[in-house]
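Below: the structure, in structure tokens.
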Amino acid sequence: MGGVGKTTLLKKINNHFLGTSTDFEIVIWAVVSKSPNSENIQEVIWNKLQIPHRIWETGSSNDEKAAEIFRVLSTKKFVLLLDDVWERLGLLEIGVPYPDAQNKSKIVFTTRSKDNSSRQHSPSSWYVNINKSQLV
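Numbering-wise, the sequence shown is residues 1 to 136 according to UniProt numbering.
What follows is the structure, given as structure tokens:
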């Protein structure tokens, strides 16, 4: 359902992580939208990770970019905030390692449909009922 405050809630989470000291080494925000573009998401992650431009030249394939993102993110405790997910997103194809007990990273995403969360192959899902008056 649109317009219930999912993006607003995710922005509050993002601002909290950016404004306070946390255990996360890096906080990444990306808008996915109805037609996900892996290259755009990779570019957002690349900018946040500050991967040297020589590694990220236009001649690099998406797979090479994904491998570099994976290499860097695998060494960090990160939180990835994905807004407006409409369909399954291939995290590994983008270069995002799955969070686990060892890396303690997190992926948070907003979606209009509960079906999308099950398509993300997440080990656990939390559904939040949002009351707009609580977001002020």
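We put the CB at the ideal spot given by N, CA and C, even for glycine.
In the structure shown, the three-state DSSP call for residue 89 is coil.
Excluding five sequence positions before and after residue 7, the CB atoms of its chain that fall closer than 8 Å to its own CB belong to 83, 84 and 110, given in chain order.
In this structure residue 78 is not in contact with residue 41, their Cβ atoms being roughly 14 Å apart against a cut-off of 8 Å. Residue 96 and residue 55 do not touch by the CB rule: their CB atoms are close to 17 Å apart, not below 8 Å. Look at residue 38 here: in three-state DSSP terms it is helix.
Residues of the same chain with a CB within less than 8 Å of the CB of residue 105, apart from the 5 flanking positions on each side, are 24, 73, 76, 77, 78, 79, 80, 97 and 99 in chain order.
Taking all protein chains in view, the Cβ of residue 52 is surrounded by fewer than 16 other Cβ atoms within 10 Å, so the residue is classified as exposed. Using a 10 angstroms sphere on the CB of residue 67, the tally of other CB atoms stays under 16, which defines it as exposed. Residue 71 and residue 88 have their C-alpha atoms roughly 23 Å apart. In this chain, the alpha helix (DSSP H) harbouring residue 72 covers 62-73. Cβ atoms of residue 108 and residue 18 stay farther apart than 8 Å, at about 14 Å.
Looking at the DSSP output, residue 109 bridges to 82.
Taking the Cβ atoms as the reference, residue 39 lies roughly 27 Å from residue 15, outside the contact range of under 8 Å.
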